[in-house]
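Trainee:
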Amino acid sequence: MIKLLTVIGARPQIIKAAAISRAIKEQFSGTIEERILHTGQHYDANMSQVFFDELGIPSPDYNLGVGSGSHGAQTAKMIEGIETVLGSEHFDGIILYGDTNSTLAGAVAAAKLHIPVFHVEAGLRSFNMTMPEEQNRIVCDHLSSILFAPTQTAVDNLKAEGLESSKASFRNGKKRQIVNSGDVMYDNALYFSKLAEERSTILESCGVQPGDYILATVHRDFNTDSPDRISSIFKALSAIAEKNSIPVILPLHPRTRKYLPDNLSERIIIIPPASFFDILTLEKNAKVVMTDSGGVQKEAFFFRKPCVILRPETEWVEIIKHNAGILADADYSRIIKAYEELSGRKVTFPPLFGDGNAAHIILQSICDYVY
């Protein structure tokens, strides 16, 4: 029996882990035993526990309860806690997701103990080295035994950095592998979208009709911690709502509300951070999605919705290349122009993110590697 430690710490990682946990239960229960560690990087009822409940993920076997703090202090606490867990029982590998401090901490702790690192969502690059996420994902990729790339572009990024031809060897002399697995979030979108339709009442709660609203999400620190940037975004959303007589649904963390401008349009509907089912429902039925979230960009693409990206760059360059999204940053004029262009553009959505079997490909690759 292969024993794996899954490390999660933020809401998107809980969602990604759901696909892996589900595949273990349904297809690998006789081969793989999973332990789940929650670092506590982000933890409250709306941001974490409700996701475990909704997605049917087993409760964490370990919870470090690290909480917020500076990057260095937070990551150091995580490394210490993860190292202790890895030393408490035998593990054949650690599964890490994305690009958070939890990802970085898990990679460092496991690598020091010579435990194979399996990185899901490897190879993403914004090429902006001021982003903590970019720093985290690059370090994790270079410490990983298997790099599970969600798209061909991610594979190409890893090859360009020499990771395919690297002379690096890991435990027992094994070489690094790059696998184009597809995206586990696409697995989840296919699996959970029908359940979301049955269980979510968010459209009724917000008083909107399918196809007749904009969904906007803003959570990145470089937006929420900059009064100028967040104010510009909110003013653009307000102008678009008024000019087009269309409501904008804006799930918003309480700490960001202080930046709301005084003359915000009454058409902007502010709600608390939404559950996964509610977010899926909002994405699937929106006219246009506007976001600084990488995950929401992809989900908009899964549901064939054009996306205004509230960042200066994106890791998901495929969305831009296929004219399904426009980079608008936090620029008032560019946001408005991007919305107008996407509203009048016929967009195609080719199958860029796999066939919905990413979790199976990932787990089978891990089994082949360990055995």
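If you count by our numbering, then the sequence shown holds residues 951 to 1321, one letter each, in order. We put the beta carbon where it would ideally sit given N, CA and C, even for glycine.
Rounded to whole angstroms, what is the Cα-Cα separation between Pro-1160 and Glu-1114?
Mentor: Here residue 1160 is taken as the residue at index 210 of the sequence shown, counted from 1. Here residue 1114 is taken as the residue at index 164 of the sequence shown, counted from 1. So the two alpha carbons sit approximately 45 Å from each other.
Trainee: For a quick check, are the C-beta atoms of Ser-1052 and His-1169 less than 8 Å apart?
Mentor: Residue 1052 sits at position 102 when you count from the first residue of the sequence shown. Residue 1169 sits at position 219 when you count from the first residue of the sequence shown. Their beta carbons are not under 8 Å apart, which means Ser-1052 does not touch His-1169 by this criterion.
Trainee: Are Ile-1044 and Ala-1060 closer than 8 Å when you measure CB to CB?
Mentor: Residue numbering aside, residue 1044 sits at position 94 when the sequence shown is read from its first letter. Residue numbering aside, residue 1060 sits at position 110 when the sequence shown is read from its first letter. Against a cut-off of 8 Å, the Cβ pair of Ala-1060 and Ile-1044 comes out as a contact.
Trainee: To which residues does DSSP link Leu-1200 through a beta bridge?
Mentor: Sequence index remark: in the sequence shown, residue 1200 carries index 250 (1-based). Partner(s): Ile-1220.
Trainee: According to DSSP, is Met-1240 helix, strand or coil?
Mentor: Sequence index remark: in the sequence shown, residue 1240 carries index 290 (1-based). Reduced to three states, the DSSP call for Met-1240 is strand.
Trainee: Can Gly-980 and Gly-1132 be called in contact, C-beta distance under 8 Å?
Mentor: The residue labelled residue 980 in the question sits at position 30 within the sequence shown. The residue labelled residue 1132 in the question sits at position 182 within the sequence shown. Not a contact, by the Cβ cut-off of 8 Å.
Trainee: Assign His-1069 to one of two classes, buried (16 or more other C-beta atoms within 10 Å of its C-beta) or exposed (fewer than that).
Mentor: Position 119 of the sequence shown, counting from 1, holds the residue named residue 1069. It is buried - the Cβ of His-1069 has at least 16 other Cβ atoms within 10 Å.
Trainee: Within a Cβ cutoff of 6 Å, which residues of the same chain sit near Val-1320, ignoring the five residues on either side of it in sequence?
Mentor: On the sequence shown, position 370 is the one that residue 1320 refers to. Taken in chain order, the residues that qualify are Ile-952 and Asp-1042.
Trainee: For Arg-1126 and Ile-1286, what's the separation of their Cα atoms in angstroms?
Mentor: Mapped onto the sequence shown, residue 1126 falls at position 176. Mapped onto the sequence shown, residue 1286 falls at position 336. Between Arg-1126 and Ile-1286, the C-alpha separation is close to 45 Å.
Trainee: Please state whether the Cβ-Cβ distance between Asn-1078 and Glu-1263 is less than 8 Å.
Mentor: As a working mapping, residue 1078 is identified with position 128 in the sequence shown. As a working mapping, residue 1263 is identified with position 313 in the sequence shown. Yes, they are a contact pair.
Trainee: Please specify which runs of the beta strand (DSSP E), each continuous and at least 3 residues long, are wholly inside the region 1063–1093, giving them in chain order.
Mentor: Whole beta strand (DSSP E) segments, 3+ residues: 1067–1070.
Trainee: Secondary structure at His-988, three-state DSSP: helix, strand or coil?
Mentor: Taking the first residue of the sequence shown as position 1, residue 988 is located at position 38. Three-state DSSP puts His-988 in a strand.
Trainee: Just to confirm the assignment: which complete beta strand (DSSP E) runs, minimum length 3, are found wholly within the region 1245–1273?
Mentor: Taking only runs of at least 3 residues, the beta strand (DSSP E) segments lying wholly in the region 1245–1273 are 1257–1259.
Trainee: Exposed or buried, Arg-1179, counting other C-beta atoms within 10 Å across all chains shown (16 or more means buried)?
Mentor: Mapped onto the sequence shown, residue 1179 falls at position 229. When all chains shown are included, Arg-1179 counts as buried.
Trainee: Can you have a look at Gln-1247 and say buried or exposed, based on whether 16 or more other CB atoms are within 10 angstroms of its CB?
Mentor: The sequence position of residue 1247 within the sequence shown is 297, counting from 1. Result: buried.
Trainee: Return the Cβ separation of Leu-987 and Ile-1032 in integer angstroms, given the expectation that the two are a contact with Cβ distance under 8 Å.
Mentor: As a first step, residue 987 must be located in the sequence shown, where it is residue number 37. As a first step, residue 1032 must be located in the sequence shown, where it is residue number 82. 7 Å between Cβ atoms; contact.
Trainee: Going by DSSP in three states, Lys-1125 sits in which element: helix, strand or coil?
Mentor: In the sequence shown, counting from the first residue as 1, residue 1125 sits at position 175. Lys-1125 falls in the strand class under three-state DSSP.
Trainee: Flag this pair as yes or no: are the beta carbons of Ile-1199 and Leu-1260 separated by less than 8 Å?
Mentor: Counting from 1 along the sequence shown, the entry for residue 1199 is found at position 249. Counting from 1 along the sequence shown, the entry for residue 1260 is found at position 310. No, the pair does not count as a contact, with Cβ atoms beyond the cut-off.
Trainee: In three-state DSSP terms, what is Ile-982?
Mentor: For the purposes of this step, residue 982 is identified with residue 32 of the sequence shown, where counting begins at 1. Looking at Ile-982 - three-state DSSP - the assignment turns out to be strand.
Trainee: Please decide whether Ile-974 counts as near chain B, where near means a Cβ-Cβ distance under 8 Å.
Mentor: The chain labelled as chain B is not found in the depicted structure, where only one protein chain is given.
Trainee: Check whether the region 1262–1278 and the region 1289–1299 are in contact - that is, three or more C-beta pairs closer than 8 Å.
Mentor: Touching, yes.
Trainee: How long is the line joining the alpha carbons of Ile-1128 and Ile-1007, rounded to whole angstroms?
Mentor: Counted from its first residue, the sequence shown places residue 1128 at position 178. Counted from its first residue, the sequence shown places residue 1007 at position 57. Taking the straight line from one Cα to the other gives about 27 Å.
Trainee: Using the beta-carbon count (16 or more within 10 Å), is Glu-1397 buried or exposed?
Mentor: What is shown of the chain runs 951 to 1321, which leaves residue 1397 out entirely.
Trainee: Using DSSP's beta-bridge definition, name the partner residues of Ser-1119.
Mentor: Reading the sequence shown from its first residue, position 169 is the one you call residue 1119. For Ser-1119, which the question treats as bridged, DSSP gives the partners Lys-1125.
Trainee: Tell me which residue opens and which closes the alpha helix (DSSP H) that Gly-1022 is part of.
Mentor: As a working note, residue 1022 is residue 72 in the sequence shown. It spans 1021–1038 - the alpha helix (DSSP H) in which Gly-1022 sits, taken as one unbroken run.
Trainee: Starting from Phe-1172 and walking both ways along the alpha helix (DSSP H), at which residues does that stretch end?
Mentor: Walking along the sequence shown from the start, residue 1172 turns up at place 222. Its alpha helix (DSSP H) spans residues 1171–1174.
Trainee: With DSSP collapsed to three states, give me the class of Phe-1142.
Mentor: Numbered from its first residue, the sequence shown carries residue 1142 at position 192. Three-state DSSP puts Phe-1142 in a helix.
Trainee: Under a Cβ-count criterion, where at least 16 other Cβ atoms within 10 Å of its own Cβ denotes burial, should Ser-1095 be classed as buried or exposed?
Mentor: Counted from its first residue, the sequence shown places residue 1095 at position 145. Buried, by the Cβ-count rule.
Trainee: Opposite Lys-953 in the DSSP bridges: which residues?
Mentor: Against the sequence shown, residue 953 aligns to sequence position 3. Paired residue(s): Glu-983.
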